[in-house]
Structure formats: C-alpha cells, structure tokens
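Undergrad:
In the numbering used here, the protein residues as written are 98 to 363.
1. Do you know offhand how far residue 327's Cα is from residue 317's?
2. Assess contact between the stretch 199-208 and the stretch 111-130, defined as three or more Cβ pairs (one per stretch) separated by less than 8 Å. Is contact present?
3. How about the stretch 352-359 and the stretch 235-253: do they share at least three Cβ pairs that are nearer than 8 Å?
4. Please determine, among 165, 233, 337, the residue with the shortest C-alpha to C-alpha distance to residue 132.
5. List the residues that DSSP assigns as beta-bridge partners of residue 137.
6. Pull up the distance between the alpha-carbon of residue 240 and that of residue 137, whole angstroms please.
7. In this structure, does DSSP put residue 256 in helix, strand or coil?
8. Is residue 321 helix, strand or coil when you go by DSSP?
9. Among residues of its own chain, excluding the 5 on either side of residue 333, which ones have a beta-carbon nearer than 6 Å to its beta-carbon?
10. With a threshold of 16 other CB atoms inside 10 Å of the CB of residue 151, please say whether the residue is buried or exposed.
11. Mind checking residue 269: buried by the 16 CB within 10 Å criterion, or exposed?
12. Give the secondary structure of residue 352 by DSSP, where H, G and I count as helix, E and B as strand, and everything else as coil.
13. Can you give me the start and stop residues for the alpha helix (DSSP H) that residue 220 sits inside?
14. Report, in whole angstroms, the separation of the C-beta atoms of residue 267 and residue 191, which I expect to be a contact under 8 Å.
15. Alpha carbon to alpha carbon, what distance is there between residue 260 and residue 342?
16. State the DSSP-derived secondary structure class of residue 153, mapped to helix, strand or coil.
17. Give me the DSSP bridge partner(s) of residue 286.
18. Whole-angstrom Cβ separation of residue 180 and residue 187, contact assumed at under 8 Å?
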C-alpha cells in the first residue's frame, strides 16, 4: 500500500528533541517517514537528533541529518542547497523551531524579546524565503509552520514575546499562502496546545513549578476540556494531513491541536 507521502522530500527543522520521547519535530520526522517521505532532518545540535535518527530508520525511512542555525540567513540558504543536493528538491517544509521565554513587556529584557522574534518568527521567514522559489518553479509544494495556542489566546502565564511571535507565524502563513496559491504552493499552520512532550520534564517544570513535574502536568491538564494531554504524535498527524495531497484544497488556514483548550472562555 502506497504511503501518503511516497517520493516526497520533507525538510523538517527542529527535528531533534531535548529528551527521550515524542517531541513535535521528532514525531513529525518519524510519521512522515512511515508514509514514505525522505527526511532531511535539521536541528542545531547533533545529540538531540540521535533518537530521531534511530526511530526514522526503524520506520524504514531514508534520512539525512543536518546542523543549522535557522536564524542565520546564509546558514539557511546552505541548508536548503544541501537538501537539494542530497535529495533533488524540497516538496515539503515543516518549520518546527521554537521556544518560550516568560515575561511581560516591562520585565522582559530587550535582548530576550529580540531572540524570541528571531528564534520563533524570523526562522520561519528565512526558511520560507529559501524554499519558496524551488516550490514555485516546480509548481508544487506544501509548507507547514508550527505556531502555538499562545499565539491565539492567553494560556496561563505572561510570555509576551512568545505569544507575539507565534501569532506572527499564523498571519505570516496566511499572507504567503495567498501570494503563492496560484503557483501551486500551499501554506498552513499547525497550532499545538498544552502537550506532554519531553520539554515538560527537561525545561518547563524547572521554569514554572520549581521542578515539580506532577504539579505542572496537573495545571496543564486542568485547562483542557478533554481532560488529558496529547503529545508530539498528535502534532505530527496534523502536520501530515496538511502536508499531504489529502489537503490539496487547504491553504492559508490553521489546524488547532489542543483538546479544546483554545475555545474555553476561562
């Protein structure tokens, strides 16, 4: 049986993960490989991609690892050129790089604001800038950008730069989708909510609950109408639909993956 992405080349940024388990990028690499895509997996550090590589190969996928700072224009251009050199083209781009910093506009340092904008939003602009001419020339392509429910609503803590940058991704995607629609390129956004990814244990618990993972998990689940948290595999399945030909008439929109949290009024 043919996979939904057979013969496609998928360039996926943020393909590593801060710990064992299912982060969004790792899960997307594995899920796309299961559906027949060739994976060009990108992250800043090689050690974060060891498990990604193992899982993709276990799924029978073909994968190439590449290290890149996606906030650097020249590095991004070299990354895309390396993907084309290795696999011949870029059919799918998944932008999954991102991270949050706590603070409102008064207490947040200017350099932290700038770093958040570069890391979360400029990275999307730079990768799209480098990939879009390839997709436009071949008359086909799908871009899936990863935002966050923090870009749609207040999610329980003041993280103004993160929220603003993630909101920016949504509208950036809409504008680019309209511009490139007639050239065969679709651009959509997957919007994950409060997921249980390895980042909860390795980073967020220390930032928000003094390292108490159980307390953090309980507070996150409390916001979700379904009463449980998804993980990176749920993001990956949403991205798979948007990247596949099943979404051939879908562009300039968002697919929210949050168990109903973003539609609650409290």
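Even glycine gets a Cβ: it sits at the ideal position worked out from N, Cα and C.
TA: A quick look at the data gives this:
1. Rounded to whole angstroms, residue 327 to residue 317 spans 11 Å at the Cα level.
2. Cβ pair count under 8 Å is below three, so no.
3. Verdict: yes, contact present.
4. Of the candidates 165, 233, 337, the residue whose Cα lies closest to the Cα of residue 132 is 337.
5. Answer is 108, 161.
6. Going from the Cα of residue 240 to the Cα of residue 137 covers about 14 Å.
7. If DSSP states are grouped into helix, strand and coil, residue 256 belongs with the strands.
8. The answer is coil: DSSP assigns residue 321 none of H, G, I, E or B.
9. Cβ within range, chain order: 124, 125, 128.
10. The residue in question, residue 151, is exposed, as its Cβ has fewer than 16 Cβ neighbours within 10 Å.
11. When all chains shown are included, residue 269 counts as buried.
12. Secondary structure of residue 352 (DSSP, three-state): strand.
13. 220-235 is the span of the alpha helix (DSSP H), which, as asked, contains residue 220.
14. Not quite, the Cβ-Cβ distance comes to about 16 Å (not below 8 Å), so this is no contact.
15. Looking at the two C-alpha atoms, the distance is approximately 31 Å.
16. Note: residue 153 maps to helix in three-state DSSP.
17. Residue 286 pairs with 242, 351.
18. With a Cβ gap of about 6 Å, residue 180 and residue 187 count as contacting.
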